[in-house]
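Numbering (this note's numbering), first residue to last: 81 to 295. For glycine and all other residues, C-beta sits at the position ideal for the given N, C-alpha and C. Everything on this sheet refers to the single structure shown next.
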C-alpha cells in the first residue's frame, strides 16, 4: 500500500469518526431542543412509591412520542408540596421556558385541612403567573377522602372548576379518574397511583393536553 493510500484511509477514518461523533451529540441533545411541557406538582406528579421512570410524566412522554407529538416532558413534582411550595418554586419552572405547564397541587393542602381560601389564592397565583409569562396551562384537580366532610370537600373540589373558568384553561376535574378504586391502580396508602395507575393518569393528562398541542 502506498503512502497516498494510507493517507486517504486515515482521512476517510477521521471524517467518519467526526460525523459519527457529531450525529451522536445531536441525537443526545435533540430531546432538549424540543418545546417543553412541565408537569408541576406534588407526589402525584413525582411518582411517589413507583419505580424510577414510571411516574405519570414518564408515561406522558411515551404517549406524546407514540402519537407523533414532539415535546420534551420535565417532571417537576416534589413529594409533600403544598400550593405555597408551588408558588415558591415558580421561578424554577419559568427558568425552563416551557410551552405548557400541567399544574397539579392542592392535595396536601386538603389533607392538612388548610383554609380553602389560602389554597385558592396560591393556585390562582401559580396559574396567573404562568399565563402572564405566555405559558399555556392545564389545571389538574384532585379530591379528598369522605371523612373530611361534604362541605369542605365540595369547596375544595370547586377550587379547580372556578379557576379553570376564571382563566379559561383546560382542566382535569379528577386526576385519578379511572384509577382510584380500580384494582391494581392504587398503592396501599390509597393516595398514590401504582405504575399501572400512572399509565392511566398520563392518558387523562394527554386528553386534556390535546387542545393545546401542536404536531
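> residue 278: which of 181, 232, 132 sits nearest, CA to CA?
Replying inline: Restricting attention to 181, 232, 132, the CA atom closest to the CA of residue 278 is found in 132.
> Quick one: is residue 280 buried, meaning 16 or more other Cβ sit within 10 Å of its Cβ, or exposed?
Replying inline: When all chains shown are included, residue 280 counts as buried.
> Any idea if residue 213 is buried or exposed, counting beta-carbon neighbours within 10 angstroms, 16 or more meaning buried?
Replying inline: That one is exposed.
> Where in the stretch 194-231 do unbroken runs of the alpha helix (DSSP H), each at least 4 residues long, occur, reported from the N-terminal end onward?
Replying inline: Every alpha helix (DSSP H) of 4 residues or more that sits fully in the stretch 194-231 is shown, in chain order, as 196-212.
>> Please give the ranges of any alpha helix (DSSP H) in the stretch 134-166, keeping only runs that are unbroken, at least 4 residues long and fully inside the region.
In response: Listed in chain order, they are 136-146.
> Whole-angstrom Cβ separation of residue 154 and residue 116, contact assumed at under 8 Å?
Replying inline: Confirmed, Cβ separation roughly 6 Å.
> Taking DSSP as the reference, what is the three-state secondary structure of residue 294?
Replying inline: Reduced to three states, the DSSP call for residue 294 is coil.
>> Given this structure, state the Cα-to-Cα distance separating residue 234 from residue 196, to the nearest angstrom.
In response: Taking the straight line joining both Cα atoms gives about 10 Å.
> From which residue to which residue does the beta strand (DSSP E) around residue 120 run?
Replying inline: Residues 116-121.
> With burial defined as no fewer than 16 other Cβ atoms inside 10 Å of the residue's Cβ, what is the status of residue 156: buried or exposed?
Replying inline: Residue 156 should be labelled buried.
>> Considering just the uninterrupted stretch of the alpha helix (DSSP H) at residue 173, what are its terminal residues?
In response: 170-174 is the span of the alpha helix (DSSP H), which, as asked, contains residue 173.
> So, is residue 230 buried or exposed, given that buried needs 16 or more other C-beta atoms within 10 angstroms?
Replying inline: So residue 230 ends up on the exposed side.
> How is residue 184 classed by DSSP in three states: helix, strand or coil?
Replying inline: Correct three-state label for residue 184: strand.
> Is the stretch 159-179 in contact with the stretch 198-205, if contact means three or more CB pairs nearer than 8 Å?
Replying inline: A contact exists between the stretch 159-179 and the stretch 198-205.
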